[in-house]
Amino acid sequence: MAVTLRKYLNNELKAKGLTATEAKKNAGKYKSIAAAKKAGSLYYTDKNGKVMAAVYAEDLKKPLKEIKPKKKPLRSSPFPKTRPSSGSIKVEVLIPGSKKTIASAIDKGKPMSFADAAKKKKKVKK
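The numbers in the working numbering rise by one with no breaks, and the one at position 101 of the sequence shown is 876.
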């Protein structure tokens with residue numbers, strides 16, 4: 776099964792965990808395909824100074840190596856994710872009015888402002 780040069784190089788870069796620019800940085804060290812292959816580089820520099828892929832025609836005739844994707848580690852957190860259950864939060868709004876409506880709201884268990892709660896508490900103690 777023949778593969779294209781692009782597929783071959785992308786597969787090899789992925790296997791090594793490099794980008795193309797990172798792999799091409801080492802191309803200046805090698806002057807032939809054989810030297811680059813021996814060192815494990817994917818690129819070499821030819822006699823004109825041009826960066827070339829260090830690939831033989833036989834390499835393209837072989838099937839691609841299968842690369843196993845890296846598994847992401849499970850996130851371990853001391854606190855589990857919590858989601859609010861539906862209908863668990865109730866919000867009631869009191870309309871400002873006379874003291875009678877505030878007192879009736881207190882008796883019914885509805886929320887009130889801090890100042891009103893302090894006044895109610897003082898009245899109860901007396």
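Note that CB positions come from ideal geometry on N, CA and C, so glycine has one too. Just so you know, these numbers come straight off a predicted model, no measurement behind them.
In the structure shown, the three-state DSSP call for Tyr805 is coil. By the Cβ-count criterion, Ser852 is exposed, with fewer than 16 other Cβ atoms from all chains shown falling within 10 Å of its own Cβ. DSSP, reduced to helix, strand and coil, places Ala777 outside both helices and strands of the structure shown, so it counts as coil. In terms of Cβ geometry, Tyr819 and Ala832 do not form a close pair [threshold 7 Å]. Residue environment for Ser816: buried (at least 16 other C-beta atoms within 10 angstroms of its C-beta).
DSSP places Ala829 outside both helix and strand once states are collapsed to three, so it counts as coil. Each residue's CA atom was taken as its position, placing Lys791 and Asp834 some 17 Å apart. Counting the other CB atoms within 10 Å of its CB gives Ala809 a total below 16, which places it among the exposed residues. Each of Leu839, Tyr805, Asp821 was checked against the Cα of Arg781, and the nearest Cα belongs to Leu839.
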